[in-house]
Each structure stands twice: as C-alpha cells, then as structure tokens.
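Per our numbering, the sequence shown starts with residue 173, numbered consecutively.
We put the beta carbon where it would ideally sit given N, CA and C, even for glycine.
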Amino acid sequence: PRRLIEPKMLQHQARPCGRPPFRQMVPHGLSAFVVLALGSAVQAAPQKPICQLAEALVGSVDSHLSEWDGQIEIGLNTTMNCSMFLEFVYLSRDRIRMQLEYVRGNFTAEDEMFRAKGEEGGSTTWAMTHMSTAASLVSAHLHIHGVLSAARPHCLSENLQLLFLMSLRRLKSLLYGQLRHLWIIFQGTAELFRQGAGRWLTELVELFEADLRTMETIMVSWGPPADEHLFLEGKGQFNGSRPGPPLPVFRQREEGGIALSTIEVLRRDMFEEWNLHKPLLRALLRHVLPRDGHIADVCAGSGRAADFLNDTGLLTAYAFDPSSNIRLLSRGVVDFVQIYAEPVRLWRNFDLLMCLSAAEDFGAEGLDVWPQVWRNIESHATRGAVVSCGVGDVRQQVLRTAAAHAPKFQLDEKLSELLRGASGEDVCVFWRAMMLDRFHALSAYRSMYDAAIAGSLSGILRLAR
Numbered sequence: 173p174r175r176l177i178e179p180k181m182l183q184h185q186a187r188p189c190g191r192p193p194f195r196q197m198v199p200h201g202l203s204a205f206v207v208l209a210l211g212s213a214v215q216a217a218p219q220k221p222i223c224q225l226a227e228a229l230v231g232s233v234d235s236h237l238s239e240w241d242g243q244i245e246i247g248l249n250t251t252m253n254c255s256m257f258l259e260f261v262y263l264s265r266d267r268i269r270m271q272l273e274y275v276r277g278n279f280t281a282e283d284e285m286f287r288a289k290g291e292e293g294g295s296t297t298w299a300m301t302h303m304s305t306a307a308s309l310v311s312a313h314l315h316i317h318g319v320l321s322a323a324r325p326h327c328l329s330e331n332l333q334l335l336f337l338m339s340l341r342r343l344k345s346l347l348y349g350q351l352r353h354l355w356i357i358f359q360g361t362a363e364l365f366r367q368g369a370g371r372w373l374t375e376l377v378e379l380f381e382a383d384l385r386t387m388e389t390i391m392v393s394w395g396p397p398a399d400e401h402l403f404l405e406g407k408g409q410f411n412g413s414r415p416g417p418p419l420p421v422f423r424q425r426e427e428g429g430i431a432l433s434t435i436e437v438l439r440r441d442m443f444e445e446w447n448l449h450k451p452l453l454r455a456l457l458r459h460v461l462p463r464d465g466h467i468a469d470v471c472a473g474s475g476r477a478a479d480f481l482n483d484t485g486l487l488t489a490y491a492f493d494p495s496s497n498i499r500l501l502s503r504g505v506v507d508f509v510q511i512y513a514e515p516v517r518l519w520r521n522f523d524l525l526m527c528l529s530a531a532e533d534f535g536a537e538g539l540d541v542w543p544q545v546w547r548n549i550e551s552h553a554t555r556g557a558v559v560s561c562g563v564g565d566v567r568q569q570v571l572r573t574a575a576a577h578a579p580k581f582q583l584d585e586k587l588s589e590l591l592r593g594a595s596g597e598d599v600c601v602f603w604r605a606m607m608l609d610r611f612h613a614l615s616a617y618r619s620m621y622d623a624a625i626a627g628s629l630s631g632i633l634r635l636a637r
C-alpha cells in the first residue's frame with residue numbers, strides 16, 4: 173500500500189489570535205489604503221505559537237473545502253445525464269474506498285513494523301492520525317453526496333435511495349464507534365485505543381466494499397427516467413414507477429394512510445424516534461400481562477416494545493407490523509401482518525393482543541378499518557386485548573365497533589383508568605367475558621396478599637424494636 177500525501181498547511185498572514193482578517197472588517201474602495209497600512213503593521217507583530225497552530229488548522233480545512241467544492245461543481249453540471257451522474261457517484265465512492273484501504277494498509281504495515289522491533293505498537297498520536305484521516309474522508313463524502321442527491325432526485329431509483337439510507341444507518345454506528353475510541357483516550361487508557369483502531373478501519377473498508385457491490389447489482393436493472401431533459405428544466409412529473417427513477421414523493425405512510433412507509437421506518441430506526449411507551453409497558457407488566465404468557469404486538473414498528481417485554485423474562489412477546497418491508501428492515505425480528513386489511517390466520521393464538529398506536533393508526537378521518545381489526549383480535553386473543561383508544565369520537569368508534577364485531581370482549585373501565593393514571597396514555601383494556609370476573613377476583617386476591625405481607629413486615633419490625 174502507498175502512503176497518503178499529507179495536506180499542505182496553508183500559511184496565512186499573521187494576525188492577532190481570534191481576530192478575523194482586516195479584509196472582512198474594513199470595507200473596500202476608499203479604505204484600501206487603510207487596509208494596506210494596518211495589514212503591514214499586523215505582519216510586523218509577532219504571533220504566539222498556539223495562534224500559528226490554529227491558523228494552520230483553519231487553513232488546511234479551507235484547502236480541503238475548495239477541493240471538495242470542485243467535486244460538487246462536477247456533480248451539479250447539468251450537461252451530465254443521469255447515467256453519467258451515477259457513474260460519477262459510483263467512481264467517487266470507489267475512490268473513497270480505495271483511500272480507506274490505503275489508510276488501513278498503512279496502519280497495518282506500520283503496526284507490524286513496530287511490533288517487529290519489540291514494541292507494543294505505534295503511539296496513540298500515530299493511531300489517531302490514521303483514524304482521523306479515515307473519518308474525515310467519510311464525513312466529507314457523506315455531505316457532498318447529500319448535496320448531489322438533493323440536486324438530482326430524478327436520477328435515483330427507490331432501490332438506490334434505500335441503499336444510501338441503509339449505508340447511512342451503518343455508518344452511524346461506525347462514527348459513533350469513533351467517538352467511543354476518543355472517549356477511551358480522554359479517560360486515560362490510550363493503549364485500548366491503539367488496539368481498536370485497526371478493527372474500526374477494517375469495518376469501515378468492508379462497509380464501502382459491500383455498498384459498491386450492492387450498487388453494481390442495482391444498476392443492472394436501472395434505467396434513465398423518461399423525458400430526462402424535462403427534469404433538468406424543472407418540467408418533469410414524478411411518478412411511482414419501479415424499479416427505475418424518478419423517486420416517488422416522500423410520504424410518512426404507505427398508500428391507504430395506515431402502515432408506515434419504508435423510509436419512515438428507516439428514519440425512526442436511524443434517529444431512535446420510536447415511542448417505546450415504557451411507562452405504559454411497566455404498568456401493563458404490573459397489572460395486566462400474565463406471567464409466562466404469550467403476547468402479540470400487532471403494531472410493533474421495529475419491535476422495540478416486544479424486545480422490552482422479552483428482556484424482562486416474565487413472558488414471551490411477538491412482534492408484527494403492517495409496513496410492507498418490515499421483515500427486511502428489522503432483519504426478521506418483526507413479521508408482516510396487516511390486521512386491519514383482511515382476515516388473518518396466524519400459526520397460534522395469544523393470551524393478549526396489543527396495539528399501542530391503534531388510535532393514531534386506525535382513527536384517521538375517512539378510515540373504516542376497526543371492524544376488521546376487532547374480528548382478527550377476537551379470533552386470536554384467548555384472554556383479552558390492549559389498544560390505544562384515544563378520546564372523543566375516536567374512543568366512541570373503538571367502543572362501538574368492539575361491541576358490534578367482538579361482542580365477547582368487554583371493556584375493563586377500572587383497569588383502563590388505572591393504566592391511564594400510571595402512564596398518561598389513553599388505552600382501553602378488553603377481556604373476554606369469562607375472564608373479566610376471574611381477573612377482578614385475582615386482583616382482589618393480590619391486594620389482600622400484599623396487605624398481609626405488609627402487615628407481617630410491620631409486626632416483625634415492632635418485635636425487633
């Protein structure tokens with residue numbers, strides 16, 4: 173592997189540390205003489221070494237920005253059609269991959285050289301140089317291609333868009349890992365940083381290699397948009413054709429207005445914006461969900477609530493969601509089920525079904541899906557169901573359709589109010605008629621048991637005194 177050429181430090185005119193250059197402070201024109209006079213005075217004044225270092229750092233960044241601006245100008249060239257533009261994108265990513273391979277190769281070769289001399293490895297400063305170089309390359313690449321993708325949306329197919337978004341999600345964890353390595357330095361264990369830098373560089377190179385292979389596969393079926401010249405003139409009409417461009421207009425939900433779109437699921441995963449309903453889940457574990465029971469979350473998103481319940485070890489939770497690509501996006505953790513669209517027959521029944529986003533998903537104006545939802549709940553829930561039911565007209569719709577299409581289920585108003593007080597969310601708990609009295613009897617027994625335990629403890633404490 174060849175060694176990367178270090179960026180040249182630009183030597184700016186000396187000026188007091190922290191002050192902008194006089195060309196930014198004094199207007200042009202008649203003040204030119206003042207600028208020259210003051211500039212000469214500043215050049216004659218000595219500058220602190222720390223200020224010179226700061227100037228060199230800023231200058232090196234400026235030089236890199238000017239070079240990256242050149243790439244943006246090439247990518248925004250309107251004489252390039254979509255095929256040429258995507259070829260430029262591919263070659264640019266391949267160039268970044270090659271540079272990352274050089275960085276990793278240099279790091280590995282020099283580390284082996286240090287160890288051959290009997291040393292533990294290179295210095296922390298040496299390892300930091302390689303990691304910072306790689307991180308800078310990736311960061312600049314992401315920002316530049318973000319600009320280019322925004323300028324040429326008509327060239328991207330949905331598959332290419334998903335590739336770039338999935339790549340961002342994987343890069344997030346790697347860049348987060350870089351911050352972890354920096355933390356290791358500042359906490360005073362720099363030797364751990366040197367050990368982890370090589371693994372981090374390898375993972376980064378492997379990610380870019382995988383992305384390039386996937387992009388090659390996608391481009392086999394890619395085709396340019398029809399009437400491409402109209403898009404360049406701003407007159408083209410976007411459509412939802414597959415698999416080629418242009419991209420469809422972004423929507424938070426899929427057609428029908430219920431299931432989340434693939435892009436929305438990715439976004440919530442990327443930035444951890446799922447509402448986990450943790451206070452409600454804790455209250456459900458305490459007051460509703462049976463120990464060693466089997467629970468189905470039919471509005472699971474990426475399955476975070478089911479993971480939370482499974483981590484307790486008190487029950488088994490299964491995750492289902494109506495988003496069309498949810499199985500792929502969740503890596504098989506969540507199954508695809510549209511409980512509102514048609515009769516569903518799963519491989520087993522469950523003690524309880526829950527949908528903690530039902531009021532938001534099914535309660536939109538113009539939707540009439542609650543009847544099918546309740547029929548599917550009744551055919552799969554052996555004990556009961558927990559759904560968010562909202563307030564006002566939405567709540568009345570939930571109760572009305574439950575009475576009409578799942579008559580064996582009865583609302584437990586007392587327990588629903590208890591959950592609302594514990595979590596602040598408007599949820600409704602329904603039990604099968606035969607389970608309602610049994611549940612209330614069990615709750616009374618638990619209260620008596622807790623009171624007896626509390627009384628026994630009080631008696632023991634009095635005897636101890």
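Sequence ranges, beta strand (DSSP E) only - wholly within the segment 499-541, length at least 3: The qualifying runs are 522-527.
Residue 541 versus residue 512: straight-line alpha-carbon distance, rounded: Rounded to whole angstroms, the gap between the alpha carbons of residue 541 and residue 512 is 5 Å.
Cβ separation of residue 272 and residue 380, assumed to be a contact under 8 Å, to the nearest whole Å: That pair is a contact at about 6 Å.
Where the alpha helix (DSSP H) through residue 572 begins and ends: Its alpha helix (DSSP H) spans residues 564-577.
Any 3 or more C-beta pairs closer than 8 Å across the segment 447-465 and the segment 586-594: At 8 Å Cβ cutoff, the stretches touch.
contact_flag[the segment 251-259, the segment 358-375] where n(CB pairs < 8 Å) is 3 or more: The answer is no - the segment 358-375 does not touch the segment 251-259, with fewer than three Cβ pairs under 8 Å.
Residues of its chain near residue 453, where Cβ-Cβ distance is below 7 Å and the 5 sequence neighbours each way are ignored: Apart from sequence neighbours up to five positions away, the residues of its chain that approach residue 453 with a beta-carbon distance below 7 Å are 477, 480 and 481, ordered along the chain.
Chain D within 8 Å of residue 565, Cβ atoms only: No chain D is part of this structure, which consists of one protein chain only.
Among 536, 451, 585 and 253, the one whose alpha carbon lies nearest that of residue 397: Ranking 536, 451, 585 and 253 by Cα distance to residue 397 puts 253 first.
Coil, strand or helix - residue 313 by DSSP: Taken through DSSP and simplified to helix, strand or coil, residue 313 comes out as helix.
Burial state of residue 463, where buried means 16 or more other Cβ atoms lie within 10 Å: The residue in question, residue 463, is exposed, as its Cβ has fewer than 16 Cβ neighbours within 10 Å.
Helix, strand or coil at residue 449 according to DSSP, with G and I counted as helix: When secondary structure is reduced to three states using DSSP, residue 449 falls in the coil class, being assigned neither helix nor strand.
Alpha helix (DSSP H) segment containing residue 464, residue limits: Careful: residue 464 lies outside any alpha helix (DSSP H) and carries neither H nor E.
Per DSSP, cross-strand counterpart(s) of residue 603: BP columns for residue 603 point to 556 and 582.
Cα-Cα separation, residue 368 to residue 353: Rounded to whole angstroms, residue 368 and residue 353 show a C-alpha spacing of 7 Å.
Which listed residue (432, 427, 520 and 516) has its alpha carbon closest to that of residue 672: Nothing in the structure corresponds to residue 672, since the chain is present only between 173 and 637.
Proximity below 8 Å, CB of residue 425 to CB of residue 419: Not in contact: residue 425 and residue 419 (Cβ atoms no closer than 8 Å).
Start-to-end residues for the alpha helix (DSSP H) that takes in residue 382: Note, residue 382: alpha helix (DSSP H), 362-392.
Inter-residue spacing [alpha-carbon to alpha-carbon] between residue 601 and residue 558: In a straight line, the C-alpha of residue 601 is about 5 Å away from that of residue 558.
C-beta atoms of residue 390 and residue 335 nearer than 8 Å: Here residue 390 is near residue 335, since their CB atoms are less than 8 Å apart.
Where residue 260 falls: helix, strand or coil (DSSP): DSSP places residue 260 in helix when its eight states are reduced to three.
Identity of the residues DSSP links to residue 490 by a beta bridge: Under DSSP, residue 490 shares a beta bridge with 468.
Per-residue DSSP class, three states only, for residue 248: Three-state result, residue 248: coil.
Residue 388 versus 262, 586 and 582, residue with shortest Cα-Cα distance: Comparing Cα positions, the closest option is 262.
According to DSSP, residues forming a beta bridge with residue 425: Answer is 432.
Contact under 8 Å by Cβ, residue 517 with residue 383: No, these two residues do not count as a Cβ contact at 8 Å.
Status (buried if at least 16 other CB within 10 Å, exposed otherwise) for residue 247: Under this definition residue 247 is a buried residue.
Helix, strand or coil at residue 301 [DSSP, three-state]: If DSSP states are grouped into helix, strand and coil, residue 301 belongs with the helices.
Coarse secondary structure for residue 351, derived from DSSP in three states: DSSP places residue 351 in the helix class (H, G or I) of the three-state scheme.
Buried versus exposed call for residue 534 [16 or more other C-beta atoms within 10 Å across all chains shown]: Looking at its Cβ environment, which holds 16 or more other Cβ atoms inside 10 Å, residue 534 is buried.
DSSP three-state assignment for residue 344, whether helix, strand or coil: Three-state DSSP puts residue 344 in a helix.
Euclidean distance between Cα positions of residue 548 and residue 567: Between residue 548 and residue 567, the alpha-carbon positions lie close to 19 Å from each other.
Counted within 10 angstroms of its Cβ, other Cβ atoms place residue 208 as buried (16 or more) or exposed: Model confidence at residue 208 stands at a pLDDT of 41, short of 50, so the residue's coordinates are unreliable and nothing is read from them.
C-beta atoms of residue 603 and residue 555 nearer than 8 Å: Inclusion of residue 603 and residue 555 in the CB contact set at 8 Å is warranted, their separation being smaller than that value.
Residue 324, DSSP secondary structure in three states: The answer is coil: DSSP assigns residue 324 none of H, G, I, E or B.
Proximity below 8 Å, CB of residue 507 to CB of residue 489: Judged by beta-carbon spacing, residue 489 lies beyond the 8 Å limit of residue 507, meaning their Cβ atoms are not closer than that value.
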